[in-house]
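Protein chains in written order, with the numbering used here: chain A, 73 to 180; chain B, -2 to 887.
Heads up, the beta-carbon is just placed ideally off N, CA and C, and yes, glycines get one too.
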Amino acid sequence: MARSALGEFEHQILLVLLRLGREGYSVSIVAELEARTGREASTSAVYIALRRLEKKGLLESRLETPEDSGEPYPRRYFALTEAALEPLKESRRAFLDLWDGLEPVLDD
Amino acid sequence: MGEPPRSAPGAPPGLARRLLAWVVPAAERPTVLGELDEMYRARVGAHGAAHARRWYWRQVMGFVVRSRGVRRVAAAGGGEETMMWLGDSLADVRHAVRGLRARPAFTAVALATLALGIGANSAVLTLANAHFLAELPYHRPDDLVLIWETGRDLDEVTTVSPGNYLTWRDEAASFADIAAFNVDYATLSGDGVAERVSAAAVAPHFFDVVGVAPVLGSGFDDGEIRGGEADVVLLSHGLWTRRYGADPAIVGTSIRVDGRPHRVAGVLPADYRQPERGLAWQGAEVWRPLVLDGQRERYGARFLRTVARLAPGVAVGQARVEMAGIAVRMEEAHPEANRGRRIQVWTLDDYLLGSARPVLWLLLAAGAAVLLIVCANVANLTLARGQERRREFAVRAALGSGRGRLVRQVLAESVVLALAGAALGALLAYAGRDLLQAVQSRFFSGLVAAEVDLAVVVGTTALALAAGLLFGLPSALSASATDLRGALVEGGARAGRRTHAARNLLVVGQVALATSLLVVSLLLTRSFAAMVGVPPGFESEGVLTFSVAPPRSGYDGREALVRYFRDLGRELESVPGVTAVSMVSDLPFTTENRWTSVEVEGVPWDPEAPPTTEQKVVLPGYFGVMGIPVLSGSLPGDGWAATDGDVPVAVNLELAARFWPDRDPLGRTLTLHWDSVRVLRVAAVVGNVLDDGFDATPDPLVYIPWGAMPQGRMSFVLRTAGTVPGLAEAVRRAVGRVDADVPAAELRALDALMAETVVRPRAASLLGATFAVLALLVAAAGIYGVVSYLVQSRTREIGIRAALGASADQLMRLVLGHSTRLVTVGLLLGVGGALLAGRALAGVLFGVRPWDPPSMVGAAAVLAAVATAAAWIPARRALRVDPREALRAE
């Protein structure tokens, strides 16, 4: 698959999934995203972004119905693939490069 | 966003959840729904139920807005979206075709009704296309108008006097130019069999005004014609091909027209038609120049039609305003001729095609109603199939087909069916194109051809697509509402009930539409019957008529004409089968009447508002041949002799009653102020005749003996002894024996002539009846289908009842009661619809009120009878149900 730059939202989701480890499914992802950004996250946007990242090969997913969840439906758990690390590093480097020397602007 | 619907605490809003389920692909549904439920519960705990509900709605709306994206990322394999869509569509079509082929009976019935419905509609569209959209055969026809005078203090239009026409041409600034024309007949002789054809005399600049150039040769040359070279003609393309073998060398040669040599100037285009409402004149075959020299001051004689082209940038409304002013000035300048007369400006389109439009609107509406009934029928069939296919859909959904996909599949099937029906319908219309063209030229207009062209094909296809969606929608909705577990486990009784209600509704709609159509058709038929049922005042049956016009060149003067007519009379009387012969200047029902003003004895003469009467020139035998009763007195002599003193005339009852009420009209005088003053003395009173058609009222009419007002163009009336084979040919030969160069024209039965005046009402009645019968048949098929289904789905119940001892009567009542309720509701709605439609019809009806009870009751009775029959056939099956079989079935 051709390498493509990560969108900001995709970037955020990949980071959230890194934090969540193997516990990432949409409920926990949305909760973490909201806790970290302080904004309501749209579940549909999260859903689309997750599946798109999966198609790009940056995520893999599995359906599981955990015994302890008490829920009757299968959850779809997501995890980063090895391929996700390269674009994450790339995006981070690009951001930091762009910020380089601009930090004083934020001081007020 | 409004308050979400109430639902159980802890559960998200039901409506929103259903919406979400609909949007999300089936394979993802449990996970997505479940995860959102989980988040919802967390929100209820953290922020309260109201907040959570709002949040849930926002999330669902997010999924709805992003549904395309959701489907795209959820689809397995990925790839380009359009390719997927195309692939899906092709698969849908393939699947649809396979499905349809697997059920040949269903497909055949659906296709047949669709082909009928769409075929009927493409036929109507073809006619409508010709009248609403087709271009008249002139250059920029939208800028052409016809200018008419009106009758004195009347709204109806009359032809125009030369004086008025020439004044308009000088004064009116709204027009680039105005050109007069006149219509008559011409006799062609000299080369082959003599024949009389429709002809027109047109101002030399006429073809410049309408913007039509000859395809061969040239038009009329104004200079030449003024220079005295007026014996030139233009030929129609048809005449040129038929009589002169399409020989281009004809231009410049001489042919005999009305006995005199005329130079052929050119040939007009094949599609050219004279802009005239009369069907005969639209088909004019010879054009001669109209020369009005020396008629500048003739204001009283009205015999011209005028076509004008609007000046650039002038609207019809402006032209009307200007002409209204001119009418006032003309009235002041020539009060004796123009008092009370106004001017009307008609667009060519309105004048030539407008009169057919009410009938066409009617046909369009009838066609639409038939198509709706067909749609309802096919929808019903498809719904019934959908019931059978519930398991198939459920399985497919379980295997991961999205609901959208299922809906699309059902719709694909409908659209494939509709398009196939449209193709068949278009083929039907195409196969019947000659019939259609015949209907067009016979009932409507020869000016524009009814052709199955691109507009019709596009219209038909659009109709078919709309129809496909319309009848596919109920099944599509029903398929999308398929509840997985329900369909798989319990066989779906609940959804079945819902579908059943939809099917009942469709039957009610069908019955209502069919009833409305039937009422309208009965109204039209009764109106037509009322019209032709009016006694015309003469006995038309067994009367044969034709006209002759001995040319002035060979028959100059009274003696020559008398000899000709007497010879012709004797020759005709010797034809076997002819019992009596007479002649008249203008046959009734031809609207070729001549009005004249008269001074009435005992009434003071007012030259500005003189009494008027119609006049005809006859032989005294005319009344006998026609069966017009002579009420008192008689016309003396044989009618050939010139009269020196007062002219003995016959008047009709209307004239006697209007001019001399309460007095004996016999012996009283009427004075004609025509070319010279003539005194007419009433020698006989005869019965009234409907002279202007069935829907006219009798006007005052005076019959003048031929000898007092000799003329060449006369119509013969022959009373015949019933139908004699070959009589028309024998008459034609008799006319030819007297003078081979004077042919018999318009040889036809008087009945046929009268029938031609009512072609529109007849067309409306015939076509309306055709549609009504079609609607009735399709609606009957619909009722049949629903009752069959009812019997089939209640076999078990019927079996139990039969086992418990229900009688045949009770079982029939059980089954028929259902259809009777549906039909009754449909009938009531249909009669209501017909009452509404009747108001729109009022202008077309004659002698019948739109709420005519016999039509309503008749339609309801016919429909009830047909519906009962349609229900009875499948209902009998209920009686044959074997209780043991029925109980064992499930």
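Residue i versus residue j - alpha carbon distance
| i | j | result |
| --- | --- | --- |
| R899 of chain B | L558 of chain B | Any answer about residue 899 of chain B is impossible in this case: the structure gives chain B only from -2 up to 887. |
| Y162 of chain B | D140 of chain B | 19 Å |
| V540 of chain B | S119 of chain B | 40 Å |
| D62 of chain B | V21 of chain B | According to the sequence shown, residue 62 of chain B is Val rather than Asp. V62 of chain B and V21 of chain B: Cα-Cα distance of roughly 12 Å. |
| A499 of chain B | P471 of chain B | 8 Å |
| L90 of chain A | I101 of chain A | 10 Å |
| A546 of chain B | G621 of chain B | 23 Å |
| N501 of chain B | G96 of chain A | 52 Å |
| P332 of chain B | T156 of chain B | 18 Å |
| F890 of chain B | P585 of chain B | This structure cannot speak to residue 890 of chain B, because chain B is shown only from -2 to 887. |
| G401 of chain B | A353 of chain B | 46 Å |
| L744 of chain B | V508 of chain B | 47 Å |
| G469 of chain B | V412 of chain B | 8 Å |
| E329 of chain B | R336 of chain B | 8 Å |
| V644 of chain B | P633 of chain B | 10 Å |
| I340 of chain B | G208 of chain B | 24 Å |
| A49 of chain B | G110 of chain A | 17 Å |
| R649 of chain B | V683 of chain B | Here residue 649 of chain B is Asn; the residue named in the question, Arg, does not match the sequence. Going from the Cα of N649 of chain B to the Cα of V683 of chain B covers about 5 Å. |
| L86 of chain A | V392 of chain B | 37 Å |
| L133 of chain B | V445 of chain B | 6 Å |
| L168 of chain A | Q84 of chain A | 15 Å |
| T609 of chain B | P159 of chain B | 21 Å |
As assigned by DSSP and simplified to three states, the class of residue i
| i | result |
| --- | --- |
| G148 of chain B | coil |
| V878 of chain B | coil |
| Y182 of chain B | strand |
| A37 of chain B | The sequence given here places Tyr at residue 37 of chain B; Ala does not occur at that position. Residue state, collapsed to three classes: helix. |
| E538 of chain B | coil |
| D174 of chain B | strand |
| S133 of chain A | strand |
| A587 of chain B | According to the sequence as given, residue 587 of chain B is Thr; it is not Ala. T587 of chain B: coil per DSSP, three-state reduction. |
| L92 of chain A | helix |
| E112 of chain A | coil |
| M58 of chain B | helix |
| W284 of chain B | strand |
| A198 of chain B | strand |
| F167 of chain A | helix |
Buried or exposed by the 16-neighbour rule on C-beta atoms within 10 Å, applied to residue i
| i | result |
| --- | --- |
| H259 of chain B | buried |
| H128 of chain B | buried |
| H44 of chain B | exposed |
| W171 of chain A | exposed |
| P176 of chain A | exposed |
| P626 of chain B | exposed |
| L833 of chain B | exposed |
| V854 of chain B | exposed |
| D255 of chain B | buried |
| H815 of chain B | buried |
| R164 of chain A | exposed |
Residue i - partner residues in DSSP beta bridges
| i | result |
| --- | --- |
| V342 of chain B | B:I144 |
| K613 of chain B | B:Y700 |
| T717 of chain B | B:V575 |
| A746 of chain B | B:L541 |
| N649 of chain B | B:V683 |
| W592 of chain B | B:E611 |
| T155 of chain B | B:E146 |
| V254 of chain B | B:L185, B:R257 |
| H670 of chain B | B:V674 |
| T303 of chain B | B:I144, B:A177 |
Query raised in the report: Looking at chain A, which residues of the region 28 to 47 of chain B have a Cβ within less than 9 Å of any of its Cβ atoms?
Result: T28, V29, L30, G31, E32, L33, D34, E35, M36, A39
Query raised in the report: Got a sec: which bits of the region 143 to 171 of chain A sit with their beta carbon under 9 Å from any beta carbon on chain B, in order along the chain?
Result: E143, P144, Y145, P146, R147, R148
Query raised in the report: In chain order, what residues of the region 112 to 143 of chain A put their CB closer than 9 Å to some CB of chain B?
Result: E112, S114, T115, S116, A117, Y119, I120, A121, L122, R123, R124, E126, K127, L135, S141, E143
**Report entry** chain A contacts made by the region 52 to 73 of chain B, where a contact means CB separation under 8 Å
**Finding:** W52, R55, Q56, G59, F60, V62, R63, G66, V67, V70, A71
Query raised in the report: Listed from N- to C-terminal order along the chain, which residues in the region 85 to 108 of chain A have their beta-carbon within a distance smaller than 9 Å of any beta-carbon of chain B?
Result: Y97, S98, V99, V102, A103
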